[in-house]
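Report on the following structure.
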Amino acid sequence: MKKKDLQEDISTQNWDSIIIGSGAGGLTTALCLARAGQKVLLLEQHEVPGGWCHSFYLEGHRFTPGVHYIGLVGEGESTSNLYKGLGIANDLVFFRMNPDAYEHVRIGNHRFDFPDNPEELENRLINRFPKEKKGIKKYLKQIRLASEELYSLPYIKGFWKKLTIPYRTRHFGRYGLFSLKRVINWHIKDPLLKNVLNIQCGDHGVQPRKAAFILHAALMYHYFKGGYYPMGGGGALVKSMTNKFKGYGGVLKTSTSVKKILIEGKKTKKATGVELQDGRQIFARHIVSNADVGITYNQLIGRQHLSQKLRKKLEKTKYSCTSLMLFLTVDMDVRKAGLDSGNIWVLPDMDMDDYYDSIMKSDLQKVEFFKALFVSCTTLKDPTSFDGKHHCLEVITFIDYKTFEPFTEEREERSEKYLQYKAELTQKMILGLEKVVPNISNHIVHQELGTPITNEYYINTTRGNVYGTEKSLKHIGPFAYKSKSEIENLYFCGASILSHGVAGASHSGVNTAAVILGCHADELKEPQEGQELLILEAEDTPDNYPEEIQKKIKLRQKRTQEKSKSLA
1 MKKKDLQEDI STQNWDSIII GSGAGGLTTA LCLARAGQKV LLLEQHEVPG GWCHSFYLEG
61 HRFTPGVHYI GLVGEGESTS NLYKGLGIAN DLVFFRMNPD AYEHVRIGNH RFDFPDNPEE
121 LENRLINRFP KEKKGIKKYL KQIRLASEEL YSLPYIKGFW KKLTIPYRTR HFGRYGLFSL
181 KRVINWHIKD PLLKNVLNIQ CGDHGVQPRK AAFILHAALM YHYFKGGYYP MGGGGALVKS
241 MTNKFKGYGG VLKTSTSVKK ILIEGKKTKK ATGVELQDGR QIFARHIVSN ADVGITYNQL
301 IGRQHLSQKL RKKLEKTKYS CTSLMLFLTV DMDVRKAGLD SGNIWVLPDM DMDDYYDSIM
361 KSDLQKVEFF KALFVSCTTL KDPTSFDGKH HCLEVITFID YKTFEPFTEE REERSEKYLQ
421 YKAELTQKMI LGLEKVVPNI SNHIVHQELG TPITNEYYIN TTRGNVYGTE KSLKHIGPFA
481 YKSKSEIENL YFCGASILSH GVAGASHSGV NTAAVILGCH ADELKEPQEG QELLILEAED
541 TPDNYPEEIQ KKIKLRQKRT QEKSKSLA
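According to full-length UniProt numbering, the sequence shown is numbered sequentially starting from 1.
Take a look at the structure:
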């Protein structure tokens, strides 16, 4: 069939559901609906699916901007069960990151490692901060209890059990409306210990005074038993879900941008379809947006179709910070430089709130180097990606979007001024990284910096945000946007709805599909028989991996050796 005929084909068919955006939320929604027998069309404006989860290549080396680790992947844990329920577990392999230190904390000259065992974490904290023993025990207990109650909420069913919710969730309820800073101040006095315990605030992009305690508790609980990285990067997750979706008859169209969502009715608004950038209109019974709420309501729908209440909510909505992401390929032995499969969080020895506030207000041209970084070496997390010579690093720092406002119109063409600014920021990122990996600048083979403008162009997020709505008390839980909108037949999924992160957005997609199908999300996540998730140790020697994995590693290294010989 010719391309033109194929285009005409999708615009003339009758669809049950159209999904806008193929991030983790959009993919899981699409997969669940297609599995239920719906005729589903998944539209993606980028040339590849996946949103933040997609992988891309620079000079033959793979990078994934939005997948750095995933928690609760062990047997019987929620992420593992999710992938088994979606029927993709057999297609995935995960590497468990350094169990002794899946997170390395570097605060000034201070060091601390997070192990993948909550009891060991408590012991290490007490040994390091003996005067805070009582507070550490009490605080970690509250983290565990509040998180367990939060995770249990979907499983409290039946009239009599629901009557006991206030008792069953008493710890969650007690702290549910307090900030992380307020709660930790009740238990902990040492400023350094506070920074250590709050370091993972970077995973939701807000400082302790803004972060909700219950959100941070859920995040810590998510990683209590360690971090895992998918073999093949985030692209492997995307590929497995895409293939499963297509296997159920779903249709995916990349490089297909939606111009607007079609709305009918005067008093009662109803979503009936979408109009593409080329003018074609496609109709469906359900429209699901995986774009953030700002893009969806302000651009794809138009405020004239929204209630006054919703317009006011949108005006008050804040979006998460944006980022600089440095992608590096280096030809050095990074293990000798002190790196392993664990993440590295770098922060200056100062109050975390003060640092966040200062960098968000800073004129980046006056910043000497970036003092707070997240460093991830993907070739150590996924040994199959190491070619025997080059390592890949992803280095991230958060900034405010305002510093890039002069370049908002440069989506297609980049000015010399923008390129110069980008080069200056790249150098400042590298100077910051030098504090972690000395002399690394002399071993850089390739470098590329992703900016807020990059985020807008490829991911299409409001002001280049990385986590959807700001993860403060005003935008989570009962105050978050819901999967079912006020417009009939219009639904949402993704980071601004249930939760953010790879797992959070995926669970959001399942929940949205459940709302559309009129069932409980648990029914869609019930582990399928015969599904198993293979987990290997990132810190193990390749000789201990299955033969198929060993062959993959040897083949990649052989190709690199052959390429080096041909160039010589």
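Glycine residues also receive a C-beta, built at the ideal position from the N, C-alpha and C atoms. Model, not experiment: these values are computed from the prediction.
Per-residue DSSP class, three states only, for residue i
i           : result
A538        : coil
D16         : strand
S255        : coil
P230        : strand
Q281        : strand
K162        : Residue confidence for K162 is low, a pLDDT of 44 falling below 50, so the modelled location carries little weight; the figure read from the coordinates is stated next. In this structure, K162 counts as helix in the three-state DSSP scheme.
Y167        : Any reading at Y167 must be qualified, since the residue scores a pLDDT of 44, below 50, and its modelled position is unreliable; no value is offered.
C519        : coil
Y155        : Its pLDDT being 49, under 50, Y155 is placed unreliably in this model, and the value from its coordinates should be taken loosely. DSSP places Y155 in helix when its eight states are reduced to three.
I549        : helix
H475        : helix
E264        : strand
I497        : coil
V510        : helix
E275        : strand
I199        : helix
residue 574 : No answer is possible for residue 574: the residues shown for the chain start at 1 and end at 568.
T469        : strand
D340        : coil
G530        : coil
Q299        : helix
H443        : helix
T407        : Sequence inspection shows Phe at residue 407; the Thr mentioned does not correspond to that position. In this structure, F407 counts as helix in the three-state DSSP scheme.
P383        : helix
residue 615 : Outside the displayed span of the chain (1 to 568) sits residue 615, for which this structure offers no information.
Status (buried if at least 16 other CB within 10 Å, exposed otherwise) for residue i
i    : result
F129 : buried
G227 : buried
W52  : buried
W186 : exposed
C519 : exposed
N511 : buried
F159 : Here the model assigns F159 a pLDDT of 42, short of 50, so the residue's position is not dependable, and the following value carries that caveat. So F159 ends up on the exposed side.
T379 : buried
T164 : Unreliable positioning characterises T164 in this predicted model, as indicated by a pLDDT of 43, which lies under 50. The coordinate reading is nonetheless provided below. Label assigned to T164: exposed.
A423 : exposed
S17  : buried
D5   : Low confidence applies to D5: its pLDDT is 40, below 50, so where it sits in the model is not reliable, and the reading given next is rough at best. When all chains shown are included, D5 counts as exposed.
E394 : buried
D9   : exposed
N343 : buried
H110 : exposed
Closest residue to residue i among the options (Cα-Cα distance)
i    : options                   : result
K86  : D543, T541, L555 and K525 : The sequence given here places Leu at residue 86; Lys does not occur at that position. Among D543, T541, L555 and K525, the Cα nearest to that of L86 is on K525.
H390 : V436, K84, I440 and L180  : I440
V288 : K336, P49, I399 and G509  : G509
V48  : S472, G226, F224 and L252 : L252
R83  : G530, K554 and E547       : Reading off the sequence shown, one finds Tyr at residue 83, where the question assumed Arg. That would be G530, whose Cα lies nearest to the Cα of Y83.
A521 : E488, S483, I549 and E548 : S483
S323 : L262, H443 and H204       : H204
V93  : Y229, G60 and P438        : Y229
V105 : T379, K551 and V346       : V346
L215 : N117, L43 and K474        : K474
D387 : T560, S472, Q13 and G25   : T560
N455 : S80, T64 and I487         : T64
D331 : M220, E448, I444 and V274 : I444
S496 : V515, H507 and N489       : H507
F370 : D353, D382 and P348       : P348
G66  : P546, K554, V502 and H110 : V502
M325 : Y491, G294 and S376       : S376
G250 : R111, L41 and L419        : L41
G232 : Q45, Y57, E532 and E488   : Y57
P542 : L534, L533 and K552       : K552
Residues bridged to residue i (per DSSP)
i    : result
W345 : V105 and F374
F327 : E394 and E448
S289 : I20 and F492
L43  : I20 and K253
T28  : Partner(s): none; T28 has no beta bridge.
T322 : I399
S179 : A212
K484 : Y491
K270 : E264 and E488
Short CB-CB distance (under 8 Å) between residue i and chain B
i    : result
I516 : Among the chains in the structure shown there is no chain B, since it carries only a single protein chain.
Going residue by residue through the region 51-129, where are the continuous alpha helix (DSSP H) segments of at least 4 residues, counting only ones entirely within it? 78-86 and 118-128
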